[in-house]
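Going letter by letter, the sequence shown gives residues 311 to 649 in this note's numbering.
Each residue gets a CB set at the ideal place from its N, CA and C atoms; glycine is no exception.
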Amino acid sequence: MNRRDFNKTLGSAAALATFGIFTGSQQKGGFIMTVNGEIPSVQMGTTLSHEHVLVDFVGADKVSPDRYNIDEAYQKVLPYLEEVKKLGCKTFVECTPNYLGRNVTLLRRLAEASNLQILTNTGYYGARKGVFLPKHVTHETPKQLARRWITEFELGVDDTGIRPGFIKIGVDGGRLPTYNRKIAEAAAHTHLATGLTIAAHTGDAQAAFEELDIIQKAGAAPNAFIWVHAQNQGAENHVRAAKMGAWVEIDGVSLQNYEDYATQVDTLKKAGYLHKVLVSCDAGWYHVGEPQGGNYRSHATTLQELPTALQQLGFSEKDIDQLLVRNPAEAFSIRIRKV
Ligand SMILES: [Zn+2]
């Protein structure tokens with residue numbers, strides 16, 4: 311079926327079910343949506359669950375691909391993707407949201423050149439006091455916002471045909487303001503219509519549990535939710551979230567902290583929740599507005615130094631495979647998870 315026919319049939323539950331979206335059972339373990347289309351989850355392989363190739367912090371009212379040279383960005387990023395590909399990475403989850411520089415055409419070009427499977431996202435980032443939110447968030451309901459994100463999943467982003475593989479939202483720490491409660495609820499509605507997993511950049515543990523409360527009230531189960539940037543929020547909170555079923559993401563892995571982060575992962579393993587942990591560098595990226603994109607941090611530490619540190623703590627090869635292969639395949643599988 312070509313793209314046009316595929317799009318024409320979308321919108322009916324029966325057509326979506328044909329592709330396994332509502333059941334997730336067509337292939338054992340379901341499937342993943344990459345910028346080059348869907349793949350079975352078992353083909354996901356070693357995965358970096360939270361990275362960036364390009365970010366523009368100029369704000370929602372000014373952000374535009376006209377602010378940088380796409381060829382320069384492509385040339386800057388590609389060697390870093392080739393580096394992780396050589397280290398055995400097969401899938402790269404790109405977490406830059408819309409209005410922060412998400413560029414799905416660039417991602418597809420990089421995926422084709424690097425031979426990595428790349429995921430992009432739908433959703434909005436309401437952290438940093440909402441400066442990356444488009445104006446329509448103020449007056450639209452959660453269901454109206456969700457409709458926009460569901461449409462991106464059904465038809466692709468803009469007119470590219472490139473479909474998101476997960477929902478990315480962002481909230482600050484502490485009690486959530488109205489606009490972020492709206493975004494969390496919109497994410498739950500989008501999940502229930504598409505089966506896409508919600509990855510939520512979250513300022514602190516209090517905000518994480520409020521998000522979990524909101525999505526459950528809307529009908530989505532905690533295992534549809536990834537608590538992004540959970541590092542340094544305390545083992546007690548990690549275990550509490552994992553016990554609820556949520557994914558706990560330790561995603562700032564760097565050369566400065568990988569030993570400490572290995573200890574945080576080990577604590578979750580000892581509590582019996584290794585199967586709920588995701589790890590990544592949250593590294594990169596081409597900084598729009600800086601000369602030649604500024605300083606780019608490598609994505610390699612999660613694949614090199616972190617596994618070595620984990621082995622020193624007694625992790626087996628099977629444990630590391632769980633962390634880098636099986637958990638991401640389960641977390642990003644497209645499947646509706648209801649309370
Ligand atoms: Zn990030």
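{"Item": "Run through DSSP, which three-state label would W595 get?", "Value": "coil"}
{"Item": "If you measure between the beta carbons of I428 and F642, is that distance less than 9 angstroms?", "Value": "no"}
{"Item": "Is H360 near ligand 1 - that is, is its Cβ less than 8 angstroms away from at least one heavy atom of it?", "Value": "yes"}
{"Item": "Residues with a Cβ closer than 5 angstroms to any heavy atom of ligand 1, in chain order?", "Value": "C405, D592"}
{"Item": "Hey, how far is the Cα of A421 from the Cα of V549?", "Value": "35 angstroms"}
{"Item": "With which residues is K478 paired in a DSSP beta bridge?", "Value": "A509"}
{"Item": "Can we say the segment 408 to 415 touches the segment 483 to 492, given the rule of at least three CB pairs closer than 8 angstroms?", "Value": "no"}
{"Item": "Alpha carbon to alpha carbon, how far is K395 from M347? Give it in angstroms, no decimals.", "Value": "Note that residue 347 is Gly in the sequence shown here, rather than Met. About 19 angstroms."}
{"Item": "Give the DSSP-derived three-state secondary structure of T406 in the structure shown.", "Value": "coil"}
{"Item": "Is there a Cβ from chain D that is less than 9 angstroms from the Cβ of L506?", "Value": "As a matter of chain content, chain D is missing from the structure shown, which is built from one protein chain."}
{"Item": "Compute the distance between the beta-carbons of A581 and A545, then report whether it is under 9 angstroms.", "Value": "yes"}
{"Item": "Classify I331: buried if its beta carbon has 16 or more other beta carbons within 10 angstroms, exposed otherwise.", "Value": "Bear in mind that a pLDDT of 43 at I331, under 50, signals an unreliable position, so the model cannot answer this."}
{"Item": "Starting from T344, trace the beta strand (DSSP E) in both directions and tell me its first and last residue.", "Value": "341 to 344"}
{"Item": "May I have the straight-line CA-CA distance separating W557 from L506, to the nearest angstrom?", "Value": "14 angstroms"}
{"Item": "To the nearest angstrom, how far is it from the Cα of S626 to the Cα of H499?", "Value": "39 angstroms"}
{"Item": "Which complete alpha helix (DSSP H) runs does the segment 539 to 607 hold, if anything under 4 residues is left out?", "Value": "545 to 554, 568 to 580"}
{"Item": "Can you grab the Cα-Cα spacing for the pair D570 / H609, in whole Å?", "Value": "18 angstroms"}
{"Item": "Under a three-way DSSP split, which group does W425 fall into?", "Value": "Per the sequence presented here, residue 425 reads as Asn, with Trp not at that position. Here N425 sits in coil by DSSP."}
{"Item": "Starting from the Cα of D592, find the closest Cα among S351, H360, Q353, G355 and give me that residue.", "Value": "H360"}
{"Item": "Closest to N425 by C-alpha separation, out of T344, V368, S590, would be which residue?", "Value": "T344"}
{"Item": "Kindly indicate the opening and closing residues of the beta strand (DSSP E) around I644.", "Value": "No beta strand (DSSP E) holds I644; DSSP gives it neither H nor E."}
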